[in-house]
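J.: Going by this note's numbering, the first residue of the sequence shown is number 78, and it counts up by one from there.
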Amino acid sequence: MAAPTHMRLTIKSIYDKKKKNEKIIALTAYDFPLARILDEQGVDIVLVGDSLGMVLLGYKSTTPVTMRDMLHHAKAVSRAVQKALLVVDMPFGSYDTPEQALRNAKRFVKEAGADAVKLEGGRRIQEQIQLLIASGISVMGHLGMTPQTASQLGGYRVQGRDKEQAQEILKDALRLDELGVFSLVLECVPLTLAEEITDKIKCPTIGIGAGPKTDGQVLVTYDMLGFASSVHPRFVRTYVNLEAAIKRAVSGYREDVLKGRFPSKQESF
Ligand code: KIV
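#1: Considering only residues of the same chain and omitting the five flanking positions on each side of A189, which have a CB-CB separation below 7 Å?
#2: So, does the segment 239 to 255 touch the segment 283 to 298, judging by three or more C-beta pairs under 8 Å?
#3: Any chance the CB of H219 is under 7 Å from a heavy atom of ligand 1?
#4: Buried or exposed: D276, going by 16 or more other Cβ atoms within 10 Å of its Cβ?
#5: With distances taken between CB atoms, is the gap from L115 to L133 smaller than 8 Å?
#6: Would you kindly work out how many angstroms separate the C-alpha atoms of A193 and V186, rounded to a whole number?
#7: Please report how far the alpha carbon of G199 lies from the alpha carbon of Y233, in whole angstroms.
#8: Alpha carbon to alpha carbon, how far is T87 from L162?
#9: For ligand 1, I want to know if T105 counts as a neighbour, meaning its beta carbon is within less than 7 Å of at least one of the ligand's heavy atoms.
#10: Thinking just about the alpha-carbon of each residue, which of R145, K95, V334, A106 is nearest to the one in S128?
#11: For L220 and I246, which I take to be in contact (beta-carbon distance under 8 Å), what is that distance rounded to the nearest angstrom?
#12: For the structure I just gave you, are there three or more beta carbon pairs, one from the segment 301 to 308 and one from the segment 264 to 279, closer than 8 Å?
#13: If we ignore side chains and look at the alpha-carbon of each, how far apart do I214 and R184 end up?
#14: Verify whether the separation of the beta carbon atoms of M84 and Q159 is less than 8 Å.
#15: Does chain D have any CB closer than 8 Å to the CB of A305?
#16: Would you mind reading off the limits of the beta strand (DSSP E) that contains M131?
#17: What does the alpha-carbon distance come out to for the pair F346 and Q118?
#18: Quick one: complete beta strand (DSSP E) runs, 3+ long, within the segment 247 to 277?
#19: Sorted by chain position, which residues of the same chain lie with C-beta nearer than 6 Å to A243's C-beta, five sequence neighbours on each side aside?
#20: Report the option in A191, L230, Y172, S228 whose CA atom is closest to the CA atom of I206.
#21: Where DSSP assigns a beta bridge to S215, which residues make up the other side?
#22: Do V295 and E124 count as a contact pair if the criterion is CB distance below 8 Å?
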């Protein structure tokens, strides 16, 4: 059953932050405890990103992620999120046609209590976005480096460096804005392009590897918490090295058990 959403930030309040020149804070979460912490710390948007496929499930890309995976994690996150807006990524292959997109997006709203869904792509998926919005489902767009189609984009690399490609991304952004997306993720684009798009569209832009001029920022939380991964993009700032802290804790526990120091009398019945 969907979690109550009445206390959460609204789509309008996120949209209006741009007018008020207030930065939007977004982070990813895939589980209850982390989502609770993000929510308590005043994050505006909690995103159940399909990056969970790589970060949590050990896949090499996001394409194997299924609706079942996303629903499972979205439900856990939704139980924790009281104040933030909850956005859930539609996984690869779940929005190939407008009808399929609507059927699947409704599951995130009805079964997981999502406030909005995120789809990767521009004019290519405009019919899907149009139908979702017309059916009352709020949509976050995602342009630039779109991981679900990374192989077509030449891998995980900056998009829009050349003029023609930058123009295409701008045209996509203008179209998504016209269709009524409530916000737009810009991933791995030059900061000048991100600034131009931010100036030209009405909805807020949320950058990841897109420089400081977007209306908000998002990061994969596990990256900023210092979990080692095979890639370390330069746009990630590591705020704490949790991997090192966890390693210390695990080896401390191991040593204590081996040497008979754990559990103590006080920790026993
Ligand atoms: O899947 C994800 O986590 C994302 C963010 C990086 C924006 O799409």
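By construction, the Cβ of each residue, glycine as well, lies at the ideal position given by its N, Cα and C atoms.
T.: Once the coordinates are examined:
#1: A79, L148, A151, K152, S155, V165
#2: no
#3: yes
#4: exposed
#5: no
#6: 7 Å
#7: 18 Å
#8: 7 Å
#9: yes
#10: A106
#11: 6 Å
#12: no
#13: 11 Å
#14: yes
#15: Among the chains of the structure shown, chain D does not appear; only one protein chain is present.
#16: Careful: M131 lies outside any beta strand (DSSP E), inside the alpha helix (DSSP H) at 129 to 132.
#17: 37 Å
#18: 260 to 264
#19: G237, L270
#20: Y172
#21: A193
#22: A quick correction: the sequence has Leu, not Glu, at residue 124. Their beta carbons are under 8 Å apart, which means L124 touches V295 by this criterion.
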